[in-house]
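First to last, the sequence lines map onto chains Z and U. Just add 2 to the spot in the first sequence (first one is 1) and you have the working numbering. Just add 2 to the spot in the second sequence (first one is 1) and you have the working numbering. Encoded as structure tokens, the structure appears first; notes follow it.
2 protein chains.
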Amino acid sequence: MRTTSADLDSDLGWALGVVFRAYVKASRSATADIPGGHRGFQVLTAAASTPPGNQRTIAQRLGIDRTVMTYLLDDMEKAGLLERQADPADRRTKLIVATDHGRSALDELCRRLNRLESHILAGLPGDDQAALKALLQRLAAGINKLDPIASTCDVIEDINAG
Amino acid sequence: MRTTSADLDSDLGWALGVVFRAYVKASRSATADIPGGHRGFQVLTAAASTPPGNQRTIAQRLGIDRTVMTYLLDDMEKAGLLERQADPADRRTKLIVATDHGRSALDELCRRLNRLESHILAGLPGDDQAALKALLQRLAAGINKLDPIASTCDVIEDINAG
DNA sequence: TATTGTTATACTCTATAACTATA
DNA sequence: TATAGTTATAGAGTATAACAATA
């Protein structure tokens with residue numbers, strides 16, 4: 003009577019969870035010297051990119067609640083990693099830009115996390131590692147381009163109706 | 003002087019996070035009628051497999067703390083989805099087995115989550131969807147085969163030393 | 001002595017709501 | 001009226017430590 007397989011090994015959610023948790027756990031120590039761990043690293047990466055984004059833009063891209071973003075930026079600003087700058091175009095928003103100290107810290111973090119990526123992916127042969135990264139990044143870019151909240155809610159409606 | 007790229011789009015952690023969050027968010031409504039959401043589904047899947055596992059085995063495989071597992075199983079047992087059974091081989095452990103009600107609920111959940119997978123992966127062409135799933139599952143199987151905690155700690159030591 | 005599972009507690013992370021200031 | 005950001009509060013989720021039963 004079973005119409006669908008009930009095997010954990012074939013469940014996308016399980017596989018995603020295992021790999022994601024492995025990444026988060028492994029990155030914990032590599033990012034221990036900045037606030038927010040691996041998310042602090044992502045915020046710092048966004049802060050070092052041009053043109054600078056405001057809090058809402060970065061929070062949305064990284065899947066961080068705007069209230070959480072406030073606290074995280076407070077800690078990172080105190081640590082001298084980035085600054086909130088006034089946006090000449092809109093006085094409500096604050097542009098997030100990395101300091102020189104933040105940029106050099108980012109250099110070191112990038113090196114550590116690149117090594118970490120290699121370890122995480124070490125279970126696959128080299129060609130497959132590149133293929134997996136490319137596929138994940140294309141998929142993530144597609145998901146992130148949509149309005150994150152509205153799109154998934156629509157999907158859910160479809161699924162539970164159909 | 004930048005030796006490594008600082009682009010979010012090329013960061014594995016970012017891509018993993020975006021896809022994983024999209025999955026969790028979309029599965030929230032699909033698994034709303036069982037305790038624990040998408041993790042409850044995974045526990046139920048494990049409970050329906052043979053031979054049955056004990057709490058520790060399942061918790062380790064699913065990345066759930068053993069104390070959290072106790073509460074989750076309490077709720078799922080109250081909902082009549084599974085049972086704790088005495089293990090004749092070791093009277094300390096309890097085997098987790100799905101009830102008939104749990105198995106039929108699992109059938110319906112599998113159907114919903116299969117549809118949901120299709121939606122999540124819709125940003126990629128069909129061939130790439132299959133390739134991504136296969137790669138993720140191979141990688142997850144490799145990561146999960148190792149002792150989850152010890153292995154990642156060793157990795158971290160290597161990375162921070164090297 | 002080590003392990004499985006339970007319980008109580010404390011902690012972290014996240015979300016909700018109310019507020020200010022700008023648009 | 002709507003939006004960006006802040007703050008305080010409450011809530012969910014998670015981890016820590018102590019315990020009983022068993023190996």
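Where is the CB? At the ideal position from N, CA and C, for every residue including glycine.
Straight-line Cα distance separating residue j from residue i
| i | j | result |
| --- | --- | --- |
| Leu134/Z | Pro90/U | 43 Å |
| Leu10/Z | Leu64/U | 9 Å |
| Arg105/U | Ser12/U | 41 Å |
| Glu79/U | Glu85/U | 6 Å |
| Phe22/Z | Gly39/Z | 14 Å |
| Ala17/U | Leu137/Z | 9 Å |
| Ala61/U | Arg68/U | 6 Å |
| Leu126/Z | Leu111/U | 31 Å |
| Leu14/Z | Tyr73/U | 25 Å |
| Ala132/Z | Ala142/Z | 15 Å |
| Gly128/Z | Leu83/U | 42 Å |
| Gly144/Z | Glu119/U | 15 Å |
| Ala48/U | Ile122/Z | 25 Å |
| Phe43/Z | His103/U | 45 Å |
Under the three-state DSSP convention, the category residue i falls into
| i | result |
| --- | --- |
| Ile60/U | helix |
| Arg94/U | coil |
Below-8 Å beta-carbon distance, residue i vs any chain U residue
| i | result |
| --- | --- |
| Arg68/Z | no |
| Ile98/Z | no |
| Leu138/Z | yes |
| Ile74/Z | It is Leu, not Ile, that sits at residue 74/Z in the sequence shown. No, because no Cβ of chain U sits closer than 8 Å to the Cβ of Leu74/Z. |
| Thr47/Z | yes |
| Gly104/Z | no |
| Leu126/Z | yes |
| Leu83/Z | no |
| Ala17/Z | yes |
Residue-level contact to chain Z via CB, residue i, 8 Å cutoff
| i | result |
| --- | --- |
| Asn56/U | no |
| Ala132/U | no |
| Asp11/U | yes |
| Gln62/U | no |
| Glu119/U | yes |
| Leu141/U | yes |
Continuous alpha helix (DSSP H) stretch holding residue i: start and end
| i | result |
| --- | --- |
| Ile122/Z | Asp102 to Ile122 |
| Ala88/U | Note, Ala88/U: premise wrong, no alpha helix (DSSP H); beta strand (DSSP E) at Leu84 to Ala88. |
| Ala32/Z | Leu14 to Ala32 |
Taking a Cβ distance cut-off of 7 Å, strictly less, list which residues of the stretch 20-36 of chain Z are near chain U, in chain order. Among the residues of the stretch 20-36 of chain Z, those with a Cβ less than 7 Å away from any Cβ of chain U are Val20, Val21, Phe22, Arg23, Ala24, Tyr25, Lys27, Ala28, Ser29, Ser31 and Ala32, in the order of the chain.
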